[in-house]
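Some notes on the structure that comes next.
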């Protein structure tokens, strides 16, 4: 098996060039998918039987929630690769992921709250999924706080890598415990933050939105990764060439 | 003859116990903190025991968590400062095992005494006498799981700026499952129900922690020593 | 037996170790000299395996030290700037622990080592009450007791009076004559070391 592609992944200038080339494609793809999906979801799809138009929040809430999880996993995998194979680029990628993931989590929480008001009359109800999202936000803050708190960049990379891996193992446990907690305390309002039963007309825009957001994440990650690589390698010769 | 693992563990436990008893104030402070926190709740909520009883699991567990965060600071700090932690890493013995021995001793010195003295606070929160032993058991088991998780975060924050605050920020989200199951066990004890289901879950977390946490803590400490 | 080749190490942005290479055989003493910040401590820690070099390798008995870390550490004694001793324990209690976790050790052996380094008279006092020089004597006894082949010493004569400095020189001599290896970071060449040491000036690189 030819492993050159793996070794090239470890080279900052190569990854930088790759990122620069592909950013517009990912960005364009994201914009296109999002426009089509939003048209399908906001205009074409019929209103929900129970929630009327309020259900349309799902088109932003569900993808951002799913992505907040996916980004953490990506961050943990990148960090693990950096730790095991000692790849600086992997550590840079993990660092680039964190703020993006945190923003996705904030967006998921925000849209969840905006959805909650018409649904249950309150901006915040201790729904298990929203609660788990909140804990995930604290995990992101912890990761970024640890990076910021350690002076030596190499140590910061490695320590936050261990934290990310520990976090990713804990996330399913946290989710399970929050569901457990929620099942103990039956509240009067029925929590139905999940996707309402959907017919195809409602479903395809949602799936397309997932793709759109994933492409958006890829775009933002590539942009941030380029900045991160330039900052880390600022004394290297390839950076001077690129910037001139 | 290279020292065997059990002997290494015994030596570490003996040393940490001896050190703790030469500075007993360090042991008492987390306990006092727990008592004070438990006192503040009635002062800020209500003196009615029946209403306090509803809040008791939360008060006890949050008090226990905050107190153990205080105690976690001195798990590795002294050894890191005088260079003995470095010698652990250079001893040729398994750092994972050595840190596990330290964590167990730490729980014996902080988590277990807290669990055993919780009835004093619990009485003031309206917890019935029959519930006491179950409550102590849940706090002891949860405290052990918390010490294991805390060993990881204590190792990660060695030498970080504002390490104390960072330690709390890192540990609290990871402690959510322990809190949820532990508080549930205490709640069931107060209601007189069987505490087995959440205790099994607490036990499962403790076992997972047993196998993985010392490994992660050792990795964290080696990184911190660089 | 110990071989260091092409070691490069960065601390943040600083290129501290620039391709350091040397080797040491039993009976040799390598003295690391150089100004403050030249990288003497960094090199010692890299050899000990506490720091990971970006490039280069440390080999012990022909095998990369990273692969046999625990076995390598069992043959290594590292003494840094601060003697690694707990303030609330006595010298004797400290040694019983720090050596005890490495190998079986008898009270007689501890007594003998403390005698050798002139620390017997204060070995039972709490370390907190000792002067810096007295602590260092206890720490040196610890190095003797490890029975390690390779000694990594970072400025071993710090805080020691003239007698103490002679002591260190004598200990190093005895160790190398017995087939041990000593790598020591020093500020000035220790003219007191009789065996011809290898000098590695990090500042000159």
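Residue numbers (our numbering), protein chains in the order written: chain A, 1 to 244; chain B, 1 to 226; chain C, 1 to 205.
Where is the CB? At the ideal position from N, CA and C, for every residue including glycine.
As the structure is a computational prediction, the values presented were derived from the model and not from experiment.
For residue i, three-class secondary structure by DSSP
i: residue 37 of chain C; result: coil
i: residue 133 of chain A; result: helix
i: residue 52 of chain A; result: strand
i: residue 168 of chain C; result: helix
i: residue 182 of chain A; result: helix
i: residue 185 of chain C; result: strand
i: residue 149 of chain C; result: coil
i: residue 199 of chain C; result: strand
i: residue 67 of chain C; result: coil
i: residue 158 of chain B; result: coil
i: residue 78 of chain C; result: strand
i: residue 85 of chain A; result: helix
i: residue 2 of chain B; result: strand
i: residue 173 of chain C; result: helix
i: residue 175 of chain B; result: helix
i: residue 10 of chain C; result: strand
i: residue 49 of chain C; result: coil
i: residue 45 of chain B; result: coil
i: residue 125 of chain A; result: coil
i: residue 142 of chain C; result: helix
i: residue 11 of chain B; result: helix
Cβ neighbour criterion (16 or more within 10 Å) applied to residue i
i: residue 104 of chain A; result: buried
i: residue 161 of chain B; result: exposed
i: residue 67 of chain C; result: exposed
i: residue 24 of chain A; result: exposed
i: residue 193 of chain B; result: exposed
i: residue 190 of chain A; result: Residue placement at residue 190 of chain A is flagged as unreliable, the pLDDT there being 44, under the threshold of 50; a coordinate-derived value is accordingly withheld.
i: residue 6 of chain B; result: exposed
i: residue 284 of chain A; result: This structure gives no information on residue 284 of chain A, because the portion of chain A shown stretches from 1 to 244.
i: residue 186 of chain B; result: buried
i: residue 4 of chain A; result: exposed
i: residue 224 of chain B; result: buried
i: residue 36 of chain B; result: exposed
i: residue 34 of chain B; result: buried
i: residue 228 of chain A; result: buried
i: residue 106 of chain B; result: buried
i: residue 205 of chain C; result: Bear in mind that the predicted position of residue 205 of chain C carries a pLDDT of just 44, short of 50, making it unreliable; the figure below should be weighed with that in mind. Residue 205 of chain C should be labelled exposed.
i: residue 13 of chain C; result: exposed
Residue i: CB within 8 Å of a non-hydrogen atom of the ligand PLP
i: residue 211 of chain A; result: The ligand PLP is not part of this structure, which contains no ligands at all.
Cβ pair residue i, residue j closer than 9 Å
i: residue 205 of chain B; j: residue 134 of chain B; result: no
i: residue 159 of chain C; j: residue 136 of chain C; result: yes
i: residue 149 of chain C; j: residue 118 of chain C; result: no
i: residue 90 of chain A; j: residue 76 of chain A; result: no
i: residue 73 of chain A; j: residue 168 of chain A; result: yes
i: residue 200 of chain C; j: residue 152 of chain C; result: no
i: residue 101 of chain B; j: residue 155 of chain B; result: no
i: residue 225 of chain A; j: residue 92 of chain A; result: yes
i: residue 77 of chain B; j: residue 190 of chain B; result: no
i: residue 75 of chain B; j: residue 149 of chain A; result: no
i: residue 76 of chain C; j: residue 42 of chain C; result: no
i: residue 186 of chain C; j: residue 31 of chain C; result: yes
i: residue 51 of chain C; j: residue 9 of chain C; result: yes
i: residue 89 of chain C; j: residue 18 of chain B; result: yes
i: residue 206 of chain A; j: residue 63 of chain A; result: yes
i: residue 178 of chain A; j: residue 135 of chain A; result: yes
i: residue 56 of chain C; j: residue 6 of chain C; result: yes
- Item | At least 3 beta-carbon pairs within less than 8 Å: the region 82-94 of chain C vs the region 79-89 of chain B | Contact between the region 82-94 of chain C and the region 79-89 of chain B is present, because at least three Cβ pairs lie under 8 Å.
- Is there contact here, the region 236-243 of chain A with the region 89-108 of chain C, by at least three beta-carbon pairs under 8 Å? Not touching, per the Cβ criterion.
- Item | Cβ contact (3+ pairs, closer than 8 Å) linking the region 126-144 of chain A and the region 167-176 of chain B | yes
- Residue ranges of each alpha helix (DSSP H) within the region 80-134 of chain B, 4 or longer: 84-89, 95-109 and 111-123
- Three CB pairs or more closer than 8 Å across the region 58-78 of chain C and the region 58-73 of chain B: no
- Message: With three or more beta-carbon pairs closer than 8 Å as the criterion, would you say the region 197-211 of chain B touches the region 137-145 of chain B?
- Response: Yes, the region 197-211 of chain B touches the region 137-145 of chain B.
- Query: Can at least three beta-carbon pairs, one atom from the region 178-187 of chain A and one from the region 154-164 of chain A, be found at a separation below 8 Å?
  - Reply: no
- On the three-pair Cβ rule with 8 Å, is the region 215-222 of chain A touching the region 30-44 of chain A? yes
- Message: For the pair the region 145-159 of chain B and the region 65-79 of chain B, tell me if three or more CB-CB distances fall below 8 Å.
- Response: The region 145-159 of chain B, when compared against the region 65-79 of chain B, does touch it at the 8 Å Cβ threshold.
- Message: With three or more C-beta pairs closer than 8 Å as the rule, is the region 29-37 of chain C touching the region 7-14 of chain B?
- Response: no
- Just checking, does the region 165-182 of chain C make contact with the region 97-107 of chain C on the three C-beta pairs under 8 Å criterion? no
- Item | Segment contact flag, the region 39-57 of chain B with the region 118-128 of chain B, C-beta cutoff 8 Å, min 3 pairs | yes
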